[in-house]
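Peer 1: For what it's worth, UniProt numbering labels the leading residue of the sequence shown as 1, then goes sequentially.
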Amino acid sequence: MQLEQFLEKLPENYSVFDIEQIKKAYQIAQKAHEGQTLPSGLPYISHCVAVATILAEMTVPPELIITALLHDAVEDTNITLEDIQKEFNQEVATLVDGVTKLTHLPNLLRGDQYKDIPGKEKGQTPHRKVREDEIAETLRKTFLAMSDDIRVVLVKLADRLHNMRTLSYLEEDIQKRIAQETLDIFAPLANRLGIWQIKWELEDLAFRYVSPKEYKSIAEKLANRRADREKQIQEIINRLHKELEAEGIKAKISGRPKHIYSIYQKMVQKEKPFEMLMDLRGVRLIVEDVAACYKALGVVHMKWHPIPGEFDDYIAAKKDNNYQSLHTAVIFDDGKPLEVQIRTEDMHESAEYGIAAHWRYKEDQSNIKESYQQKISWLRSLFAWQQDEENADDLVDSWKSDVFKDRVYILTPQGDIIDLPAGSTPIDFAYHVHTEIGHRCRGAKINGKLVSLDYILKTGDQVEILTAKRGGPSRDWLNTTLGLVHTSRARSKIKQWFKKQDRDLNLAQGKAILEKEFKRLGLKSVNFDDILPELNVKTIEDLYVAIGCGDIGSGRVINKLAEIEEEELEPELEFELVEAPSTIVPSDAVKVMGLKGIATTMAKCCNPMPGDEIIGYITRGRGATIHRADCPNILRVTEKERLVEVSWGQPGKTFTVPIQIKAYDRQGLMGDISNVIADESINLIDMSLKMNQHLAVIKIVLGVQGISQLSRVLTKLENLPNVFEAKRQRPG
Numbered sequence: 001m002q003l004e005q006f007l008e009k010l011p012e013n014y015s016v017f018d019i020e021q022i023k024k025a026y027q028i029a030q031k032a033h034e035g036q037t038l039p040s041g042l043p044y045i046s047h048c049v050a051v052a053t054i055l056a057e058m059t060v061p062p063e064l065i066i067t068a069l070l071h072d073a074v075e076d077t078n079i080t081l082e083d084i085q086k087e088f089n090q091e092v093a094t095l096v097d098g099v100t101k102l103t104h105l106p107n108l109l110r111g112d113q114y115k116d117i118p119g120k121e122k123g124q125t126p127h128r129k130v131r132e133d134e135i136a137e138t139l140r141k142t143f144l145a146m147s148d149d150i151r152v153v154l155v156k157l158a159d160r161l162h163n164m165r166t167l168s169y170l171e172e173d174i175q176k177r178i179a180q181e182t183l184d185i186f187a188p189l190a191n192r193l194g195i196w197q198i199k200w201e202l203e204d205l206a207f208r209y210v211s212p213k214e215y216k217s218i219a220e221k222l223a224n225r226r227a228d229r230e231k232q233i234q235e236i237i238n239r240l241h242k243e244l245e246a247e248g249i250k251a252k253i254s255g256r257p258k259h260i261y262s263i264y265q266k267m268v269q270k271e272k273p274f275e276m277l278m279d280l281r282g283v284r285l286i287v288e289d290v291a292a293c294y295k296a297l298g299v300v301h302m303k304w305h306p307i308p309g310e311f312d313d314y315i316a317a318k319k320d321n322n323y324q325s326l327h328t329a330v331i332f333d334d335g336k337p338l339e340v341q342i343r344t345e346d347m348h349e350s351a352e353y354g355i356a357a358h359w360r361y362k363e364d365q366s367n368i369k370e371s372y373q374q375k376i377s378w379l380r381s382l383f384a385w386q387q388d389e390e391n392a393d394d395l396v397d398s399w400k401s402d403v404f405k406d407r408v409y410i411l412t413p414q415g416d417i418i419d420l421p422a423g424s425t426p427i428d429f430a431y432h433v434h435t436e437i438g439h440r441c442r443g444a445k446i447n448g449k450l451v452s453l454d455y456i457l458k459t460g461d462q463v464e465i466l467t468a469k470r471g472g473p474s475r476d477w478l479n480t481t482l483g484l485v486h487t488s489r490a491r492s493k494i495k496q497w498f499k500k501q502d503r504d505l506n507l508a509q510g511k512a513i514l515e516k517e518f519k520r521l522g523l524k525s526v527n528f529d530d531i532l533p534e535l536n537v538k539t540i541e542d543l544y545v546a547i548g549c550g551d552i553g554s555g556r557v558i559n560k561l562a563e564i565e566e567e568e569l570e571p572e573l574e575f576e577l578v579e580a581p582s583t584i585v586p587s588d589a590v591k592v593m594g595l596k597g598i599a600t601t602m603a604k605c606c607n608p609m610p611g612d613e614i615i616g617y618i619t620r621g622r623g624a625t626i627h628r629a630d631c632p633n634i635l636r637v638t639e640k641e642r643l644v645e646v647s648w649g650q651p652g653k654t655f656t657v658p659i660q661i662k663a664y665d666r667q668g669l670m671g672d673i674s675n676v677i678a679d680e681s682i683n684l685i686d687m688s689l690k691m692n693q694h695l696a697v698i699k700i701v702l703g704v705q706g707i708s709q710l711s712r713v714l715t716k717l718e719n720l721p722n723v724f725e726a727k728r729q730r731p732g
């Protein structure tokens with residue numbers, strides 16, 4: 001019975017051979033999954049049929065229906081790809097293999113790639129390094145499967161859609177995890193491919209489990225207003241029909257439902273409650289051709305007052321995912337806003353099914369290949385520059401940043417639309433247009449006005465890049481704290497440029513950068529042996545080169561040094577933070593060799609902190625005082641027998657650190673310094689200011705939790721306007 005009902009839903013123009021192949025796929029899947037059940041208690045084959053039915057509703061070719069029926073067979077049963085190739089063909093086997101590779105995408109992107117890595121807790125870095133290489137390769141294979149044949153993504157999206165429709169049968173914690181994955185990965189991917197029909201349903205279903213209270217509240221309010229809203233929409237449709245017919249324009253007009261998740265997003269973005277949202281009404285006009293689109297737009301604008309700034313022409317300048325339509329908003333007869341979309345039937349089909357519309361089963365397939373290549377060119381180019389990323393973390397970050405983030409739509413001086421991730425800057429825009437323009441970028445004009453290069457682009461901005469005749473990018477562009485570059489594409493191009501420069505120059509510059517950072521932090525000697533494998537380099541010279549060409553930031557080195565310190569601590573001990581630092585140190589913060597239970601105190605003359613080389617001095621009646629190894633007072637000690645070997649243990653307190661800032665005085669300088677410290681939630685213990693004409697020397701004492709936090713706050717302080725030096729004060 002299930003097979004017969006399923007076959008009735010297949011496109012009418014499938015051939016007899018197509019139907020027989022689909023029947024065979026059903027029978028193979030049914031036998032392979034025999035005895036397996038879903039959480040609902042239904043036979044597992046019902047899931048395979050449901051996924052195939054979702055695709056059938058999109059009128060896809062028969063090979064995708066066959067793939068859907070077999071999409072879990074290789075992963076969950078004894079069926080092999082060789083079996084599928086033998087029963088069908090290589091194309092179907094390749095599609096099933098591609099879908100199987102996508103099964104692990106959520107785990108990889110949410111960070112489960114580090115689960116069960118040998119040595120993760122004990123710092124056995126060689127094992128971890130090998131595993132990370134394997135993960136990076138798995139990610140590359142996954143992305144390659146997507147870019148090689150985007151049809152596998154269609155099957156995976158249909159698979160996820162049915163999983164979401166039946167999510168109620170799972171436990172609550174699993175529901176929330178899968179729903180969050182859907183919002184983070186699959187809904188944005190459907191959006192990027194322009195498949196709105198799947199996108200909005202995935203979002204609403206996921207939102208129901210991620211934020212059940214908000215979902216219920218909006219759903220109830222929509223239900224309460226449904227009758228009035230439907231009546232209003234019908235009156236609007238009748239009025240539009242009348243006006244369009246008077247001008248000889250044939251149009252299909254329908255109400256455009258506002259989906260729950262999109263309403264919630266507007267409430268958050270506009271910081272307004274449901275009752276204050278005025279744009280919950282929308283209609284869609286589908287007309288015969290492009291000329292009729294603009295003619296209908298003229299009628300709408302002539303009869304009702306357009307709302308300024310609400311018109312977008314995505315027909316003349318279509319989006320990267322091939323979306324085309326006219327968008328406008330007007331004040332309707334009742335004085336309330338009305339959103340209007342105008343498009344042709346082909347545009348509507350593309351908007352609803354996105355990239356899937358390309359495969360809708362038609363007799364004439366002659367122009368499909370060329371059209372398809374154009375439509376997925378963004379995905380192929382994305383994968384091409386991702387090949388430059390060397391580890392799993394970078395691959396994940398680049399994929400999340402450039403595929404799964406919100407988008408902004410920017411105009412070139414010629415009026416072309418460029419699609420970029422939200423948060424992009426003029427430098428990101430420049431590299432998107434052309435690599436050389438990015439390299440030679442020296443400034444930017446937004447809507448005719450000069451802006452700084454860390455300006456965050458907004459939808460509708462018109463960007464003009466100001467370039468030099470020659471030259472290359474600045475190393476500062478790779479400094480994430482400056483916010484000059486947002487996209488992985490731009491970062492990758494910048495890194496490539498520096499890699500091509502002379503190795504000796506990179507080595508010298510990298511060494512200088514790291515030495516400057518260590519000097520600023522007051523670190524005298526560092527053992528790099530433990531962190532080189534963590535940073536994927538073999539020698540200290542390779543590390544300097546990597547820093548010099550921008551592959552590794554100095555901040556990452558500092559963070560790794562801090563991680564190594566933490567991994568050597570007793571695993572069962574927990575951090576104990578206090579609101580203010582103390583000179584008295586908990587017994588487990590510093591280990592005194594050969595002496596147990598001795599009281600320890602931090603020396604105020606040099607204020608040591610984790611990461612410093614330290615030494616103990618046995619006092620008379622006050623236990624051991626902990627000094628930096630290079631403290632002048634220690635160097636002058638005559639009773640050497642009172643010096644004891646000590647090491648850092650469990651840091652359970654904040655540590656007092658004196659810092660000196662040099663800057664050219666300006667209004668608001670002290671306030672900006674205070675804001676940086678407050679943003680880091682650091683305790684400001686003392687502050688003093690000395691002026692010498694226009695030069696300000698500010699000395700502050702902070703309570704920090706470790707070397708990473710100190711590095712971060714020094715970087716932020718040094719990036720303030722007029723500040724030219726921020727460093728830790730050395731003793732003496």
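In this text, a Cβ means the ideal position worked out from N, Cα and C, and glycines have one as well. This one's a predicted model, so the numbers in the text were calculated from it and none came from an experiment.
1. If you check the beta carbons only, do ILE315 and VAL330 fall under 8 Å apart?
2. I'd like to know if the stretch 179-199 and the stretch 87-97 are in contact, where contact means that at least 3 CB-CB pairs between them fall below 8 Å.
3. Tell me whether the beta-carbon of LYS156 lies closer than 8 Å to the beta-carbon of LEU102.
4. What do you reckon, is the C-beta of MET687 under 7 Å from a heavy atom of the ligand GDP?
5. In the DSSP assignment, find the alpha helix (DSSP H) that holds LYS31 and state where it starts and stops.
6. Tell me, which residues are paired with LEU689 by DSSP?
7. Roughly how many whole angstroms lie between the Cα atoms of LYS519 and PRO473?
8. According to the neighbour-count rule (16 or more other Cβ atoms, all chains shown, within 10 Å of its Cβ), is ASN191 buried or exposed?
9. If you draw a straight line from the alpha carbon of ILE286 to that of LYS86, how long is it in whole angstroms?
10. So for PRO188, helix, strand or coil by DSSP?
11. Should HIS434 go down as buried or exposed, given a rule of 16 or more other Cβ atoms within 10 Å for buried?
12. Inspect the CB distances between the stretch 623-633 and the stretch 677-688 and report whether three or more fall short of 8 Å.
13. Between TYR664 and GLY553, what straight-line distance do the alpha-carbon atoms span, to the nearest angstrom?
14. For LYS9, which residues from the same chain have a beta carbon less than 7 Å from its beta carbon, with the 5 sequence-adjacent residues on both sides left out?
15. Figure out for me which residue from LYS252, ARG226, GLY248, ALA227 has the closest Cα to the Cα of ASN238.
16. Is ARG256 helix, strand or coil by DSSP?
17. Just to confirm the assignment, what range does the beta strand (DSSP E) spanning ARG284 have?
18. At what residues does the beta strand (DSSP E) containing MET58 begin and finish?
19. Please tell me whether LEU689 and ILE698 are closer than 8 Å, where the distance is taken between their beta carbons.
20. Where do the N-terminal and C-terminal ends of the beta strand (DSSP E) with MET602 fall, by residue?
21. Out of VAL340, ASP530, THR539, which one is the CA nearest neighbour of ILE558?
22. Please confirm if the stretch 32-39 is in contact with the stretch 6-23, defined as three or more CB-CB distances below 8 Å between the two stretches.
23. Curious, which full-length alpha helix (DSSP H) runs of at least 4 residues does the stretch 44-108 contain?
24. Spell out a yes or no on whether the stretch 214-221 and the stretch 251-267 are touching, meaning 3 or more CB-CB pairs, one atom from each, closer than 8 Å.
25. In this structure, how does DSSP classify ALA546 when only helix, strand and coil are distinguished?
26. Just to confirm before moving on: does the CB-CB distance between ASP461 and ILE410 stay below 8 Å?
27. Hey, out of LEU170, ARG712, LEU161, whose CA is closest to ILE185's CA?
28. Look at the Cβ atom of THR487, then the Cβ atom of THR715, and state whether they are nearer than 8 Å.
29. Contact check, ALA444 vs VAL463 under 8 Å by CB: the rounded distance?
30. Could you tell me which residues DSSP puts in a beta bridge with GLU271?
31. Excluding the 5 residues flanking ARG666 on each side, which residues of the same chain have their C-beta closer than 6 Å to its C-beta?
32. Is LYS258 buried or exposed, if buried means 16 or more other CB atoms sit within 10 Å of its CB?
33. Nearest-angstrom Cα distance between HIS71 and VAL96?
34. Roughly how many angstroms separate the alpha carbons of ILE598 and LEU643, rounded to a whole number?
35. Quick one: what's got a C-beta closer than 6 Å to ALA187's C-beta in the same chain, skipping five residues either side?
Peer 2: Reading it off the structure:
1. As a first step, residue 315 is located in the sequence shown; it is residue number 315 there, counting from the start. As a first step, residue 330 is located in the sequence shown; it is residue number 330 there, counting from the start. No, Cβ-Cβ distance for ILE315 and VAL330 is not below 8 Å.
2. Too few Cβ pairs lie closer than 8 Å, so no.
3. Here residue 156 refers to the residue found at position 156 when the sequence shown is read from its first residue. Here residue 102 refers to the residue found at position 102 when the sequence shown is read from its first residue. Yes, the Cβ-Cβ distance between LYS156 and LEU102 is below 8 Å.
4. The ligand GDP is absent from the structure shown, which contains no ligands of any kind.
5. Taking the sequence shown and counting its residues from 1, one reaches residue 31 at position 31. Per DSSP, LYS31 belongs to the alpha helix (DSSP H) from 16-32.
6. On the sequence shown, position 689 is the one that residue 689 refers to. Residue pairing by DSSP places LEU689 opposite ILE698 in a beta bridge.
7. Residue numbering aside, residue 519 sits at position 519 when the sequence shown is read from its first letter. Residue numbering aside, residue 473 sits at position 473 when the sequence shown is read from its first letter. Those two C-alpha atoms are separated by around 26 Å.
8. Along the sequence shown, one-based indexing puts residue 191 at 191. So ASN191 ends up on the buried side.
9. Counted from its first residue, the sequence shown places residue 286 at position 286. Counted from its first residue, the sequence shown places residue 86 at position 86. About 45 Å.
10. Position 188 of the sequence shown, counted from the start, is the residue given in the question as residue 188. Correct three-state label for PRO188: helix.
11. Counting from 1 along the sequence shown, the entry for residue 434 is found at position 434. Answer is exposed; the Cβ neighbour count stays below 16.
12. Taking 8 Å as the limit for Cβ pairs, the verdict is that the stretch 677-688 does not touch the stretch 623-633.
13. As a working note, residue 664 is residue 664 in the sequence shown. As a working note, residue 553 is residue 553 in the sequence shown. Rounded to whole angstroms, TYR664 to GLY553 spans 28 Å at the Cα level.
14. For the purposes of this step, residue 9 is identified with residue 9 of the sequence shown, where counting begins at 1. Answer for LYS9: THR53, ALA56, listed in chain order.
15. Against the sequence shown, residue 238 aligns to sequence position 238. Of LYS252, ARG226, GLY248, ALA227, the residue nearest in Cα terms is LYS252.
16. Within the sequence shown, the letter at position 256 stands for residue 256. Under the three-state reduction of DSSP output, ARG256 falls in the coil class, being neither helix nor strand.
17. In the sequence shown, the residue the question calls residue 284 occupies position 284. Secondary structure note for ARG284: its beta strand (DSSP E) is the uninterrupted segment 282-287.
18. Working through the sequence shown from its first residue, we reach residue 58 at position 58. Here MET58 belongs to no beta strand (DSSP E), and DSSP marks it neither H nor E.
19. Residue mapping note: residue 689 aligns to position 689 of the sequence shown, counting from 1. Residue mapping note: residue 698 aligns to position 698 of the sequence shown, counting from 1. Cβ distance < 8 Å, so LEU689 and ILE698 count as in contact.
20. As a working mapping, residue 602 is identified with position 602 in the sequence shown. From DSSP, the beta strand (DSSP E) with MET602 extends over 600-602.
21. Numbered from 1 along the sequence shown, position 558 holds the residue referred to as residue 558. With respect to the C-alpha of ILE558, the residue from VAL340, ASP530, THR539 having the closest C-alpha is ASP530.
22. The stretch 32-39 makes no contact with the stretch 6-23: fewer than 3 CB pairs, one atom from each, lie closer than 8 Å.
23. Every alpha helix (DSSP H) of 4 residues or more that sits fully in the stretch 44-108 is shown, in chain order, as 45-56, 62-69, 73-76, 81-87, 90-102.
24. Yes: the two stretches touch, three or more of their Cβ pairs being nearer than 8 Å.
25. For this step, residue 546 is matched to residue 546 along the sequence shown. ALA546 falls in the helix class under three-state DSSP.
26. Residue 461 sits at position 461 when you count from the first residue of the sequence shown. Residue 410 sits at position 410 when you count from the first residue of the sequence shown. Contact flag set, yes.
27. As a working note, residue 185 is residue 185 in the sequence shown. Of all alpha-carbon atoms in LEU170, ARG712, LEU161, the one lying nearest the alpha-carbon of ILE185 is that of LEU161.
28. As a first step, residue 487 must be located in the sequence shown, where it is residue number 487. As a first step, residue 715 must be located in the sequence shown, where it is residue number 715. Cβ atoms of THR487 and THR715: not closer than 8 Å.
29. For this step, residue 444 is matched to residue 444 along the sequence shown. For this step, residue 463 is matched to residue 463 along the sequence shown. About 6 Å separates the CB atoms of ALA444 and VAL463; that is less than 8 Å, so the two are in contact.
30. Taking the first residue of the sequence shown as position 1, residue 271 is located at position 271. None; GLU271 has no bridge partner.
31. Counting from 1 along the sequence shown, the entry for residue 666 is found at position 666. The answer, listed in chain order, is ASN722.
32. Within the sequence shown, residue 258 is the residue found at index 258, counting from 1. Buried: at least 16 other Cβ atoms inside 10 Å.
33. In the sequence shown, the residue the question calls residue 71 occupies position 71. In the sequence shown, the residue the question calls residue 96 occupies position 96. Taking the straight line joining both Cα atoms gives about 5 Å.
34. Here residue 598 refers to the residue found at position 598 of the sequence shown. Here residue 643 refers to the residue found at position 643 of the sequence shown. CA-to-CA, the gap between ILE598 and LEU643 works out to about 14 Å.
35. Working through the sequence shown from its first residue, we reach residue 187 at position 187. For ALA187, where only same-chain residues beyond five positions count, the Cβ hits under 6 Å are LYS199, LEU202, GLU203.
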